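Take our numbering: the final residue in the sequence shown is number 185, and no numbers are missing along the way. For every residue, glycine included, the Cβ atom is placed at its ideal position computed from N, Cα and C. Bear in mind the structure is a predicted one, so any value in this text is a computation, not a measurement. Beneath this line is the structure, given in structure tokens, with notes to follow.
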Amino acid sequence: MNTKRGWITALVAVAVATILFFTLFAGQTRPKSEITLGDVYTLLVTEDGQNRLEQIESSIAVLQGKIDAMSTKIQAIQTCINQMKSTIEQQEWEKWDWEQVLRDMKFLLDDISNKLNTLLKKSSPS
60 MNTKRGWITA LVAVAVATIL FFTLFAGQTR PKSEITLGDV YTLLVTEDGQ NRLEQIESSI
120 AVLQGKIDAM STKIQAIQTC INQMKSTIEQ QEWEKWDWEQ VLRDMKFLLD DISNKLNTLL
180 KKSSPS
């Protein structure tokens, strides 16, 4: 009984292998489709007969015009930002209390002088 079962399994395996073999090779032997002039014409011309390349060129020209307009606006905005920044920096510079800055500098210099004097007194032999 085991030999009968082995033969059946072998026959099924051979049948499956044969089907797979022919399926794989049959798929490779089909002729490849070729591109025809009609296919190229269909790509280049719309259904109503207009040239697609001209449509693409006109679309690109419209987009380029929009890009140029946006670029001009961006440059104007950048100029405005630079002017505002310059004005703010000038106002900040003018707002400084220079007398207070000088007082702070004097305080720091006096503090440094005191520390140096203290160090000199400690380092000098008494």
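A Cβ-Cβ separation of about 6 Å places V104 in contact with R111 under the 8 Å criterion. Under the DSSP definition of a beta bridge, N110 partners with V104. Per DSSP, reduced to three states, the secondary structure at I94 is coil, with no helix or strand assignment.
Taking the Cα positions, K174 is about 11 Å away from K181. DSSP, reduced to helix, strand and coil, places W155 outside both helices and strands of the structure shown, so it counts as coil. In the three-state reduction of the DSSP assignment, S172 falls in the helix class. Assigned with DSSP and collapsed to three states, S183 falls in coil, not helix or strand.
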